[in-house]
Structures are given as structure tokens and as C-alpha cells.
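**Q** When we follow the numbering used here, the leftmost residue of the sequence shown carries the number -15, and every step to the right adds one. Even for Gly, the Cβ is constructed at its ideal location relative to N, Cα and C. All of these numbers come straight from a predicted model, not from anything done at the bench.
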Amino acid sequence: MKQTHFKYSHNQYRQIIIFFISFIFLFLFIAICSLIGDAKINYISLFPNVISNYLNNSILIEYRLPRLLIGACVGANFAISGAILQAVTKNPLAAPNVTGINAGSSFFSVLSLLIFANTNFFILPLASFTGAIFAGIVVYFFANKKGITPLRLILSGVAVDAFFHSGTTFILVNNTEAVGSIYVWLSGSLWGKEWSEFLFILPCSIIGIFVSIVLSKRINILNLSDEVIIGLGLNIKKNRIILLILAVFLSSTGVCLVGPIGFIGLIIPNIMRTLFKYDYKLIIPFSALGGAFLVILSDTIGRSVLAPIEIPAGLISSLLGSPYFIYLLLKSRF
């Protein structure tokens, strides 16, 4: 028994070390990516006093660093949201952009951008969260008609997603003067992000990640069969609703800032599941890191490959994610 306990403690210790090394590497990756872009930076001039010169460079501090930090937070939010949705639905194809949550959030956000164009900053996050919650309720209502099953949840999500996408398209077709800026946002763009927006998303991400880790034991249990869950005394319906609200919160706070960046919530949790099986105590924090890495990578590729033309991060992530989505479709029993 002692030997088994020692082995488990050693593995746990190693995983914590790997996480913190990955966390440090994420910040190094952000620093490196901040040096890449259309505007030329004299890299040699940074070296005599790296930190001081870096902090005094207006291009890095005012433009690139806030967008990259926001990208990291948003990527973490989307990835954890996807991990939770996949656990609740017991379906590896579940993600905010597949279950209608991102589409509902985008639809309400576009409405708020048109109706309250120059009002308080918090109108957009509120509209985004309201839209995501509304989409979640509609999906849950249809999926619950004959008893919720993972497949019925996904099919309801796809239908709701199509409905809200149609609504968003209809609004844009009838408001051509607003199409340009809104279309860039709908493509999942980090362009023009500011420190004030980072100060909004950071606490949302911290709260969302913390609550997700706290609830990770329940998420692990929800991956078992319903009979076993009931036998363990866990209220399935109540916990699914709580976790769906958490997934909606994480996704909507990301959508309201950068738009719906596709496939982050689909790819990353599936990759982490191949590494950590179904242990969400590890899947959640490592998904957060993976989501952050992928969004930052997508944004860096998008603003450098065809510079000065900027490709939205959402389009790059979709190009990277589409082949993996096809692979999952072929592999999945659904």
C-alpha cells in the first residue's frame, strides 16, 4: 500500500512540475510572439537591458502584448468550456461552436453592437452571456423532450447553431454599413485589443478556471454511466445544469471580446484526453494552457504571414482545426 501511495504522489508531483514548466513556457512564447509582426522592431536594441527596453517599447506594450494576453485568456476559456461540454454530453465532438452556444452569444452580441453602438463597455459582455444562456436553454429544452442523451444534445445544438447563424446573417445583410467591423469580429479577431479589455477577461478566466478545477471531481463522475452516478448519490440533472452554465460563462466572456474562435474548444480537450484519459483534474488546467497556446499561435500566424494584411485568428484556428474535426468524425461512434 505504501509503495502504491508513493508512486501516486510521485506522479502527481511530476504532473505539477510539468504544468508549471508549461506555464512558464507560455509566457516565454507570448514574449517571443510579441516580437513578430508587421511593424519592425530593432531586436538588438532590446538586449542591453532586455526588460527595461521591452517595457519602454510602445509597439510591444500598447499593441501586441494586450492582444496576446487576451488571446491567452480567451483560448483558455474556450478550451475549458469545450472540455466541460464534452464531459456533460459524453461526446468528443461537443464544443461551444458546435452546440449553439457561440452562435447564440454572437447573435445577441451583434444585436447589441447595432442597437447600443456607443454605450457602456459592459453591454456587450451582458448581451453575449444572455445569448449564450438563451441558446443553452433552447438546446436543453429540445434535448430534454424525450429524455436527455448525449446524441440528442449535440443534434439540438447543431440545429440551434444553424438558426442563430441564419439570424446573424440576416441582420448583417440588412445593415450593410456595419458589416465590415462586425464581420472582422465574427471571424474571431484580436485586432485592436486594449489593456482595459484584458482587465475584464482576466478575472473571468481566473474565476472560470478555479471553479472548473474545484468541480473536476464531479466532472469525472459524470463521465460514468448514469446508473453508477445515481448509485454514488450525485444529482445528474442538477450538476449538468451547473456545468453547462459554467461552460456558457467561459465561452461567452471570450466571444464578447474576440468573437467566436472556432475549434479551440474541440481540438484541445480531445488532445488532453489522449494524454490524461478522463481525469479532469488534469484535463482542465492543461486544456487552459493548450487553448492559450493555440490562440496565440493562430493570432501570430494571422498577423505575420501576409503582413501588412491581417488574417483573423479564428480563420487560422479553423484551418488548423478542420482536419482534426474530420478525423474525430471518422473516429467517433456518433
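1) For Y262, count the other beta carbons within 10 Å of its own beta carbon; 16 or more makes it buried, fewer makes it exposed. Which is it?
2) Between the segment 285 to 293 and the segment 65 to 73, do at least 3 Cβ pairs fall closer than 8 Å?
3) Could you check what DSSP says for I20 in three-state terms: helix, strand or coil?
4) Looking at F182 and L53, is the spacing between their C-beta atoms short of 8 Å?
5) Quick one: using the 10 Å Cβ neighbour count with 16 as the cut-off for buried, is W169 buried or exposed?
6) Using CA atoms only, rank isn't needed, just tell me which of D283, F100, G192 and F260 is closest to L228.
7) Just to confirm my understanding: we take P320, look at its own chain, exclude 5 residues before and 5 after, and list those with CB closer than 8 Å. What are they?
8) Where P80 and E46 are concerned, what is the direct C-alpha to C-alpha distance, given to the nearest angstrom?
9) Closest to A127 by CA distance: which of A116, S301, V144 and A111 is it?
10) Enumerate in chain order the residues of its own chain whose CB-to-CB distance from I252 is below 6 Å, with the five nearest sequence positions on each side excluded.
11) Can you say whether F309 is buried or exposed, counting buried as having 16 or more other CB atoms within 10 angstroms of its CB?
12) Classify I245 as buried or exposed, calling it buried when 16 or more other Cβ atoms lie within 10 Å of its own Cβ.
13) In its own chain, which residues sit with a C-beta less than 7 Å from the C-beta of G141, not counting the 5 before and 5 after it?
14) DSSP state of N204, grouped into three classes?
15) How about S358 and L108: do their beta carbons lie closer than 8 Å?
16) Does the Cβ-Cβ distance between I267 and A78 come in under 8 Å?
17) Do you know offhand how far T152's Cα is from L97's?
18) Could you tell me the distance, in whole angstroms, from the CA atom of L333 to the CA atom of L12?
19) So within the segment 247 to 293, which uninterrupted beta strand (DSSP E) runs reach at least 3 residues, ignoring any that extend past its ends?
20) Could you tell me whether the Cβ atoms of I205 and I213 are closer together than 8 Å?
21) Out of L218, G305 and L174, state which residue places its alpha-carbon closest to the alpha-carbon of C57.
22) Short check: CB of P296 to CB of S171, under 8 Å?
23) Does the separation of the CB atoms of A146 and S235 fall below 8 Å?
24) What distance in whole Å lies between the Cβ atoms of A87 and A60, which are believed to be in contact at a cut-off of 8 Å?
25) Could you name each continuous beta strand (DSSP E) segment of 3 residues or more that falls completely within the segment 109 to 165, going from the start of the chain to the end?
26) With a Cβ-Cβ cutoff of 8 Å, do R287 and G21 count as a contact?
27) For the alpha helix (DSSP H) that V239 lies in, which residues bound it at each end?
**A** Looking at the atomic coordinates:
1) Translated into positions along the sequence shown, residue 262 becomes position 278. With fewer than 16 Cβ atoms within 10 Å of its Cβ, Y262 is classed as exposed.
2) no
3) Residue 20 sits at position 36 when you count from the first residue of the sequence shown. I20: coil per DSSP, three-state reduction.
4) By 1-based counting over the sequence shown, the position of residue 53 is 69. By 1-based counting over the sequence shown, the position of residue 182 is 198. A contact, by the Cβ cut-off of 8 Å.
5) As a working mapping, residue 169 is identified with position 185 in the sequence shown. So W169 counts as buried.
6) For the purposes of this step, residue 228 is taken as residue 244 along the sequence shown, with counting starting at 1. Checked all of D283, F100, G192 and F260; the closest Cα to L228 is G192.
7) There is simply no residue 320 to check, as the chain begins at -15 and stops at 318 in what is shown.
8) For this step, residue 80 is matched to residue 96 along the sequence shown. For this step, residue 46 is matched to residue 62 along the sequence shown. In a straight line, the C-alpha of P80 is about 30 Å away from that of E46.
9) Sequence index remark: in the sequence shown, residue 127 carries index 143 (1-based). For the residues A116, S301, V144 and A111, the minimum Cα distance to A127 belongs to V144.
10) Looking up residue 252 in the sequence shown gives position 268. Excluding the 5 residues flanking it on each side, I252 has same chain C-beta neighbours closer than 6 Å at A63, S271, G274 and G275, in chain order.
11) Working through the sequence shown from its first residue, we reach residue 309 at position 325. With a threshold of 16 other beta carbon atoms within 10 Å, F309 meets it and is buried.
12) Sequence index remark: in the sequence shown, residue 245 carries index 261 (1-based). Burial call: buried.
13) Walking along the sequence shown from the start, residue 141 turns up at place 157. Only V82, T83, G84 and V123 meet the Cβ criterion.
14) As a position in the sequence shown, residue 204 is number 220, starting the count at 1. In this structure, N204 counts as helix in the three-state DSSP scheme.
15) Given a span of -15 to 318 for the chain in the structure shown, any question on residue 358 remains unanswerable.
16) One-based indexing of the sequence shown puts residue 267 at position 283. One-based indexing of the sequence shown puts residue 78 at position 94. The answer is no: Cβ separation not under 8 Å.
17) The count along the sequence shown starts at 1 and reaches residue 152 at position 168. The count along the sequence shown starts at 1 and reaches residue 97 at position 113. Roughly 12 Å between the two C-alpha positions.
18) For residue 333 there is no data in the structure shown, the boundaries of the chain being -15 and 318.
19) none
20) Along the sequence shown, read from residue 1 onward, the residue named residue 205 stands at position 221. Along the sequence shown, read from residue 1 onward, the residue named residue 213 stands at position 229. A contact, by the Cβ cut-off of 8 Å.
21) Along the sequence shown, one-based indexing puts residue 57 at 73. For C57, the nearest C-alpha among the options comes from L174.
22) Against the sequence shown, residue 296 aligns to sequence position 312. Against the sequence shown, residue 171 aligns to sequence position 187. Contact flag set, yes.
23) Counting from one through the sequence shown, the residue named residue 146 turns up at place 162. Counting from one through the sequence shown, the residue named residue 235 turns up at place 251. No; because the gap between Cβ atoms is not below 8 Å, this pair is not in contact.
24) Counted from its first residue, the sequence shown places residue 60 at position 76. Counted from its first residue, the sequence shown places residue 87 at position 103. With 8 Å as the limit, A60 and A87 do not qualify as a contact, their Cβ atoms being about 21 Å apart.
25) none
26) Position 303 of the sequence shown, counted from the start, is the residue given in the question as residue 287. Position 37 of the sequence shown, counted from the start, is the residue given in the question as residue 21. Cβ atoms of R287 and G21: closer than 8 Å.
27) Walking along the sequence shown from the start, residue 239 turns up at place 255. DSSP places V239 in the uninterrupted alpha helix (DSSP H) bounded by I220 to V242.
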